[in-house]
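**Q** Okay, here's the structure, questions in a sec.
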Amino acid sequence: MKGLKLILLVLALALPIGIFLFLKIFGKNEFSVEPYYITGVSVPDGCPLPAARAYAIPERILNRLSWSEKDSLTLFLIALKEDGKANLERIQDRFLDHELRKVWVQIDSNSLDFDPIGKAVFISLDSLKIFKTCFFFLKEPYNLLLVDNKRRIRGMYVLNNREEIDRLLLEAKIILKKY
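So this is what it looks like as structure tokens:
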């Protein structure tokens, strides 16, 4: 009876250790951040219809916002006036400019209550609303858009939400690791 208990005790301890070591040696723990709208997108009323394939933001739109294909990732802040300087500084501290390019899309320079980190692009209010609705598909409260070098939307985030910024930082790190 003692021998059986000893064997069961050894198995009870050895089996989890064996599984852990097997997964550590042969397992691969990787995540991927898939692009949004891979199968197409439903367009809001009054917006131009994109091709019926995976959605990519039109290049002419991104070129107006100082986007470059050379950048691995571009983060667009699309807001009229926001309070989120601490979160902006977290983003700036985590990534170098060549890793994550930041573009702040505003209607005028008076709407910025801080010095922009990255490039600031000023457009009309009508253009901002059209970009946000028809091309970026940003609904309230989302105001940050992550775009890769193939013009695909990789993430939508809320600037004033700490958990959303944590998710942005993690997803951008995962995407950059793949590139």
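My numbering numbers the first residue of the sequence shown as 1 and each following residue consecutively.
Glycine residues also receive a C-beta, built at the ideal position from the N, C-alpha and C atoms.
1. Provide the residue span of the beta strand (DSSP E) that contains G46, from first to last.
2. When you compare the CB positions of Y55 and I78, do they come within less than 9 Å of one another, or not?
3. According to the neighbour-count rule (16 or more other Cβ atoms, all chains shown, within 10 Å of its Cβ), is F31 buried or exposed?
4. Going by DSSP, which residues form a beta bridge with L75?
5. Taking only three categories from DSSP, how would you classify F22?
6. Is F137 helix, strand or coil when you go by DSSP?
7. Helix, strand or coil for G3, going by three-state DSSP, please let me know.
8. Under 9 Å, do N149 and S72 count as touching if we go by C-beta distance?
9. Let's test the definition: count the other Cβ atoms within 10 Å of the Cβ of G3 and tell me whether it reaches 16, buried, or not, exposed.
10. In the DSSP assignment, what are the bridge partners of G155?
11. Please tell me whether L88 and V147 are closer than 9 Å, where the distance is taken between their beta carbons.
12. Once DSSP output is grouped into helix, strand and coil, what is the label at F131?
13. Rank G155, R151 and K139 by C-alpha distance to the C-alpha of L145 and give the top, closest one.
**A** To lay it out plainly:
1. Where G46 is concerned, there is no enclosing beta strand (DSSP E), given that its DSSP letter is neither H nor E.
2. no
3. exposed
4. K102 and L146
5. helix
6. coil
7. helix
8. yes
9. exposed
10. L146
11. no
12. helix
13. G155
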